[in-house]
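Residue numbers (this note's numbering): 86 to 429.
Structure first, then comments.
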C-alpha cells in the first residue's frame, strides 16, 4: 500500500468512463446534438480500449451505439444503469491509484465528495455513482471513502512521478473545503493522492468557467517533463492578463530534479458565445487514451490545426482524433470533463 501513486494519464488504461446525457439534464435543449458527440467519443474510445457508460436509460444508449459501433466495439462497452444529475464524469468519478510496477494489479479507488463545483449545481445523484459502480462490480479495487473532502478530478494533474499540479483559484474557492487553509488542503492532497509535492498554479481563468479554474482547462502534463498549456497573445482579450501571468509562472517551475519544464503553448480559440455569455472554450481539455489522444475542435480551422500540431508534439507516438466540441462547450465543459480513466 505504501507503493501507491497517482499515474499520469498517458499510462496504460483498462477502461474509460462516460456518464451519458439525458432529457433531465441541462442538455435537454440540444439533446440530439450532444448525444451525437457522445457517440463519436464512444466510437473513438472503443477502438482503443473498453468503455464504461453510466446512464439512467441504458437501453436507449445501447440503441444509439448499435447504429454506429461495430460488433467488436460493442463488446468493449459495459452499460451501467444508474440515476444521474449530469454528465461530468471527470469530476464525480473515482480517482484511481495503482501500485508501482504492478501491471493489472488492483486499483485503489478514491471516492471524494462532488458538490457541484462549490454548491453551484445539484450533485446528489452524481455523488452516488461511484458507490453504485463499486457495489455492482463494474469498477473493481480497494475502495477508500474520502467523502469528507471535496475534490474533482478535473482540478488535478499528475506527472506519474509524485508531483500533482492544481490551481489555487479552484481548491481555495468558497464552498469546497473551508475553513481548511492552503497548507491543510495541501497536506490532505499529499496524504490521499500519495503525492510527494503539490505544485500550485496561481493564475489562469477562462471566462464562463463554472469550475473556478480547473487545471484541465489550462495546463496538462505530458511525457518528458512537458507542460501543455493554453496561451493568449491578444492583449485586448479579457483573459490575457491572467493567462499571461500563468505563462510567466510556468516558466519559473522546476521538476523534482531542478530542471525547467518543457513548455508547449496551445492557441486560444476565438471567442464563442451562448445567449450573450462567453463560453470557456479551450484546447487543453483533451482525452488521453491507449495509443491515441482525442482533442476538441471548434470549427476554427487555423486554431484547430495549430492545436493538433502542439498536441502531436507532446504525444508524438499517438494517433490524434479531433472531435467537434462546439456543443459540449455550450454547457461550459469539453471532452476531458466528460471522461474518467481507470488504469491497468
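All C-beta atoms in this analysis are idealised placements derived from N, C-alpha and C, irrespective of residue type, glycine included.
### Task
Taking residue 185 as the reference, give the member of 168, 396, 246 with the closest Cα.
246
### Message
Which residue wins for smallest C-alpha separation from residue 118, given the options 158, 325, 415?
### Response
415
### Query
Given a threshold of 16 other Cβ atoms within 10 Å of its Cβ, counted over all protein chains shown, does residue 278 qualify as buried or as exposed?
buried
### Query
When we look at the beta-carbon of residue 106 and count the other beta-carbons within 10 Å, is it buried (16 or more) or exposed?
buried
### Task
Closer than 7 Å by C-beta to residue 207: which residues in its own chain qualify, once you throw out the five before and the five after it? Chain order, please.
170, 201
### Query
Looking at the structure shown, is residue 325 part of a helix, part of a strand, or coil, going by DSSP?
helix
### Message
I'd like to confirm the pairing. Which residues does DSSP put opposite residue 136 in its beta bridges?
### Response
101, 162
### Task
Closer than 6 Å by C-beta to residue 327: which residues in its own chain qualify, once you throw out the five before and the five after it? Chain order, please.
288, 289, 290
### Query
How long is the line joining the alpha carbons of residue 104 and residue 139, rounded to whole angstroms?
5 Å
### Message
Please return the same chain residues whose Cβ sits closer than 8 Å to the Cβ of residue 300, not counting the five positions on each side in sequence.
### Response
239, 240, 241, 242, 250, 251, 252, 255, 286
### Identity of the residues DSSP links to residue 250 by a beta bridge
242, 284
### Task
Apply the 10 Å Cβ neighbour rule to residue 332 and answer buried if 16 or more other Cβ atoms are within range, or exposed otherwise.
buried
### Task
Just tell me which of 168, 135, 120 has its CA closest to the CA of residue 148.
120
### Query
When we look at the beta-carbon of residue 92 and count the other beta-carbons within 10 Å, is it buried (16 or more) or exposed?
buried
### Query
So which of 342, 173, 262 has the shortest CA-CA distance to residue 231?
262
### Task
Could you tell me the distance, in whole angstroms, from the CA atom of residue 160 to the CA atom of residue 429?
19 Å
### Query
Is residue 325 closer than 8 Å to residue 335 when the C-beta atoms are compared?
no
#### Entry: Segment contact, 8 Å Cβ cut-off, at least three pairs: the stretch 306-318 with the stretch 355-363
no
### Task
Tell me whether residue 195 counts as near the ligand FAD, meaning its Cβ is closer than 7 Å to at least one heavy atom of that ligand.
Among the components of this structure there are no ligands whatsoever, and the ligand FAD is therefore not found.
### Message
One question on the structure: do residue 227 and residue 194 come within less than 8 Å of each other, judged by their Cβ atoms?
### Response
yes
#### Entry: As assigned by DSSP and simplified to three states, the class of residue 301
helix
### Query
Going by DSSP, which residues form a beta bridge with residue 362?
359
### Query
Would you call residue 417 buried or exposed, if buried means 16 or more other Cβ atoms sit within 10 Å of its Cβ?
buried
### Message
Between the alpha carbons of residue 412 and residue 384, how many angstroms are there, rounded?
### Response
11 Å
#### Entry: Residue-chain proximity (residue 145, chain C), Cβ-Cβ < 8 Å
Here there is only one protein chain, and chain C is not present.
### Query
Three-state secondary structure (DSSP) at residue 86?
Confidence in residue 86 is poor, its pLDDT being 49 and thus under 50, which makes the residue's placement unreliable; the coordinate value appears in the next sentence. Residue state, collapsed to three classes: coil.
### Query
Closest to residue 305 by CA distance: which of 273, 318, 274, 367 is it?
367
### Task
Measure the Cβ-Cβ separation of residue 372 and residue 424 and say whether it is below 8 Å.
yes
### Task
Express the C-alpha separation of residue 176 and residue 237 in angstroms, rounding to a whole number.
4 Å
### Query
With distances taken from CA atoms, which of 129, 111, 192 is nearest residue 224?
192
#### Entry: Among 404, 130, 380, 276, the one whose alpha carbon lies nearest that of residue 90
276
### Query
By a C-beta neighbour count over all protein chains shown, 10 Å radius and 16 as the cutoff for buried, is residue 151 buried or exposed?
exposed
### Task
Consult DSSP for residue 129 and reduce its assignment to one of helix, strand or coil.
helix
### Query
What is the rounded straight-line gap between the Cα of residue 189 and the Cα of residue 96?
12 Å
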